[in-house]
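Scroll down for the structure; my scribbles are underneath it.
In the numbering used here, the protein residues as written are -1 to 119.
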């Protein structure tokens, strides 16, 4: 854990090389041999490279694939609303909510009270 220090107070790499008998290759600390995990786009299921990566609500997208489910317009991180893992532009999110007055029917899901009635039976 601790290495011997030379007379100048710095770590001596020559001593460790001469003690081992073989020359050792020192790698930079930022270098790792771990395999890089390839991320896939949640919309198109293709590989997302770091330059085109966009993360919204823990989902990874290409910039071009991050679109409104209703009208397919391109979204940005400041112009979207999410519900149940689906992404909408803010105008359509409000429109779909106002059409039925709740977050279930307007977005094509069963109402919670219907789910409760099924549990009681």
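Where is the CB? At the ideal position from N, CA and C, for every residue including glycine.
Taking the C-alpha atoms as reference points, what is the distance between residue 40 and residue 96?
A direct Cα-to-Cα measurement between residue 40 and residue 96 gives close to 28 angstroms.
Kindly list the residues whose CB is nearer than 7 angstroms to the CB of residue 63, restricted to its own chain and excluding five residues on each side of it in sequence; keep chain order.
Short of 7 angstroms from the beta carbon of residue 63, and not among the five residues preceding or following it, lie these beta carbons of its own chain, in chain order: 39, 41, 42.
Compare the C-alpha of residue 66 against each of 35, 79, 45, 47 and name the closest.
Closest option to residue 66, Cα to Cα, is 79.
Compute the Euclidean distance between the alpha carbons of residue 89 and residue 36, then round it to the nearest angstrom.
If I take the Cα positions, the gap works out to 34 angstroms.
Tell me the DSSP bridge mates of residue 45?
Bridge partners of residue 45 according to DSSP: 38.
May I have a chain-ordered list of the beta strand (DSSP E) segments no shorter than 3 residues that lie completely inside the stretch 69 to 96?
The beta strand (DSSP E) runs lying completely inside the stretch 69 to 96 and spanning 3 residues or more are 78 to 81, 84 to 87, given in chain order.
Under DSSP, the beta strand (DSSP E) around residue 62 begins and ends at which residues?
In the DSSP annotation of this structure, residue 62 is not part of any beta strand (DSSP E), being labelled neither H nor E.
In whole angstroms, what is the alpha-carbon distance linking residue 56 and residue 83?
A direct Cα-to-Cα measurement between residue 56 and residue 83 gives close to 10 angstroms.
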